[in-house]
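What follows is a short report on a single structure.
Numbering (my numbering), first residue to last: 427 to 796.
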């Protein structure tokens, strides 16, 4: 007690005293890990159980937390208090992290301590009592049909196909950019891929507009060939990533991204109202406007549990196909090949209020699709 009052009792000795006390009370020697040991053990158990980007985020949070609490990282797990968690929270806020980032970090930190509680290593979860900070939710936007058309008008090469694919499948750009021809069944008109974020497998019927585009490309007889070879290796984020490239595409199309939420904290950032993710929102919104049931929309976007199989029976597939076809077509030139000659067709919707639309050929030419 005198050494503790004088501040000369180190963390290792505190841990030993705690273990000795537990042994005297219970008659059993408990091998209690330190905070650092336990969090590192949790990280090891999470590898392979979550997506790669999620794993990287967990690892970074654990590194930041252990660095922030200093010597307490070597204290017994049961010695960690809610006060320490609150101090970490305040340090992050004062350091410029946004309330939203801090909330997400605390939410993730609750998990390893919840497991420790369930395994009897601690008597209470020190993170459970930490309440989230109130934040305003970002109001994300959707692209109008006219904006989609403007994007397609300025998009070149693989970007034209990726925008079309994002609009008509609701997939995340990073998943769609990595599609191979083995993921696409043109005879059944379906695209099947595994979402990197959730690990969920989704199967999406191919909208007629997208089908016509894909049919005009080469490589469908080579399963491992990327559908969008110039984009397949691009990362999702970063200056050269898909998100920033899409933002530049929006600028060329004259589309203002707007601000959904202003940045909180010095290290925070503004959240754009329109972004590459808005293609996903637009897909969901278009089907909602066509009164497609929520459960079908969840299947298509992969928002349901990742443990569920997202493949459909024939009856379900036809129902889902009608849902996808409810999205209005785009005025996009589609290229068909006949022998050694190429023909360019331009289609547009002209069928009253029908959500399925009717095709009419506006112009054809044998040379040059503008």
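From the three backbone atoms N, C-alpha and C, an ideal C-beta is built for every residue, glycine too.
State the beta-bridge partners of residue i as determined by DSSP.
{"i": "residue 459", "result": "According to DSSP, which records beta bridges pairwise, residue 459 is partnered with nothing at all."}
{"i": "residue 724", "result": "Residue 724 is not bridged to any residue."}
{"i": "residue 606", "result": "652"}
{"i": "residue 611", "result": "616"}
{"i": "residue 502", "result": "460"}
What are the boundary residues of the alpha helix (DSSP H) that residue i is part of?
{"i": "residue 709", "result": "704-715"}
{"i": "residue 568", "result": "No alpha helix (DSSP H) contains residue 568, which DSSP labels as neither H nor E."}
{"i": "residue 542", "result": "525-544"}
{"i": "residue 663", "result": "Residue 663 -> no alpha helix (DSSP H), and no H or E assigned at all."}
{"i": "residue 582", "result": "First-last for residue 582: undefined, no H or E at that position."}
{"i": "residue 490", "result": "478-495"}
{"i": "residue 551", "result": "Element bounds for residue 551: n/a, residue is neither H nor E."}
{"i": "residue 510", "result": "508-520"}
{"i": "residue 636", "result": "634-641"}
First and last residue of the beta strand (DSSP E) that includes residue i?
{"i": "residue 616", "result": "616-620"}
{"i": "residue 627", "result": "627-631"}
Output the distance between the C-alpha atoms of residue i and residue j, rounded to the nearest integer angstrom.
{"i": "residue 660", "j": "residue 703", "result": "16 Å"}
{"i": "residue 627", "j": "residue 602", "result": "13 Å"}
{"i": "residue 539", "j": "residue 479", "result": "22 Å"}
{"i": "residue 468", "j": "residue 610", "result": "38 Å"}
{"i": "residue 657", "j": "residue 536", "result": "37 Å"}
{"i": "residue 714", "j": "residue 572", "result": "18 Å"}
{"i": "residue 520", "j": "residue 585", "result": "41 Å"}
{"i": "residue 749", "j": "residue 725", "result": "11 Å"}
{"i": "residue 492", "j": "residue 662", "result": "28 Å"}
{"i": "residue 533", "j": "residue 508", "result": "14 Å"}
{"i": "residue 458", "j": "residue 561", "result": "37 Å"}
{"i": "residue 485", "j": "residue 722", "result": "35 Å"}
{"i": "residue 501", "j": "residue 460", "result": "5 Å"}
{"i": "residue 512", "j": "residue 497", "result": "16 Å"}
{"i": "residue 481", "j": "residue 473", "result": "7 Å"}
{"i": "residue 557", "j": "residue 515", "result": "10 Å"}
{"i": "residue 625", "j": "residue 447", "result": "45 Å"}
{"i": "residue 604", "j": "residue 654", "result": "7 Å"}
{"i": "residue 531", "j": "residue 622", "result": "21 Å"}
{"i": "residue 553", "j": "residue 510", "result": "9 Å"}
{"i": "residue 598", "j": "residue 488", "result": "27 Å"}
{"i": "residue 673", "j": "residue 549", "result": "49 Å"}
{"i": "residue 719", "j": "residue 518", "result": "42 Å"}
{"i": "residue 506", "j": "residue 470", "result": "21 Å"}
{"i": "residue 466", "j": "residue 495", "result": "15 Å"}
{"i": "residue 642", "j": "residue 670", "result": "28 Å"}
{"i": "residue 677", "j": "residue 522", "result": "29 Å"}
{"i": "residue 551", "j": "residue 664", "result": "36 Å"}
{"i": "residue 615", "j": "residue 727", "result": "17 Å"}
Here's the rule: buried if 16 or more other CB atoms are within 10 angstroms of the residue's CB, otherwise exposed. What is residue i?
{"i": "residue 760", "result": "Only weak support is given to the placement of residue 760: the predicted model assigns it a pLDDT of 43, under 50, and the value that follows is read from those uncertain coordinates. Buried, because 16 or more other Cβ atoms sit within 10 Å of the Cβ of residue 760."}
{"i": "residue 450", "result": "exposed"}
{"i": "residue 681", "result": "buried"}
{"i": "residue 613", "result": "exposed"}
{"i": "residue 649", "result": "exposed"}
Spatial neighbours of residue i within its chain, please: C-beta separation below 7 Å, excluding the five flanking residues on both sides.
{"i": "residue 559", "result": "525, 528, 529"}
{"i": "residue 583", "result": "656"}
{"i": "residue 588", "result": "599, 602, 603, 654, 657"}
{"i": "residue 747", "result": "631"}
{"i": "residue 740", "result": "Low confidence applies here, because residue 740 scores a pLDDT of 49, under 50, leaving its location unreliable; read the following figure in that light. Counting only Cβ-Cβ distances below 7 Å, and skipping sequence neighbours, we find nothing."}
Which residues in the same chain as residue i place their Cβ atom closer than 8 Å to its Cβ, once the five residues preceding and following it in sequence are excluded?
{"i": "residue 464", "result": "503, 538, 542, 547"}
{"i": "residue 593", "result": "569, 574, 705, 708, 709, 753, 756"}
{"i": "residue 667", "result": "660, 661"}
{"i": "residue 636", "result": "590, 591, 594, 595"}
{"i": "residue 711", "result": "568"}
{"i": "residue 647", "result": "607"}
{"i": "residue 640", "result": "587, 610, 612, 632, 646, 653"}
{"i": "residue 544", "result": "none"}
Within a Cβ cutoff of 6 Å, which residues of the same chain sit near residue i, ignoring the five residues on either side of it in sequence?
{"i": "residue 618", "result": "609, 629"}
{"i": "residue 499", "result": "461, 462, 492"}
{"i": "residue 679", "result": "576, 577, 580"}
{"i": "residue 443", "result": "none"}
{"i": "residue 620", "result": "627"}
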